[in-house]
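Per our numbering, residue 48 is the first one in the sequence shown, and the count goes up by one each step.
By construction, the Cβ of each residue, glycine as well, lies at the ideal position given by its N, Cα and C atoms.
Data block below; observations after.
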Amino acid sequence: MMVNPRIMKTNASYANKLFIVKALRYRLNLITE
């Protein structure tokens, strides 16, 4: 299974951004409640 390193890198950064956004929203929800 050949995987393009560039695609792997973009997927990693995309997952990273999603994780950061989820963490920020979770923290905001804790603060507002």
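L65 has its alpha-carbon roughly 16 Å from the corresponding atom of I54. DSSP places N58 in the helix class (H, G or I) of the three-state scheme. Annotated three-state conformation of V50 is coil, per DSSP.
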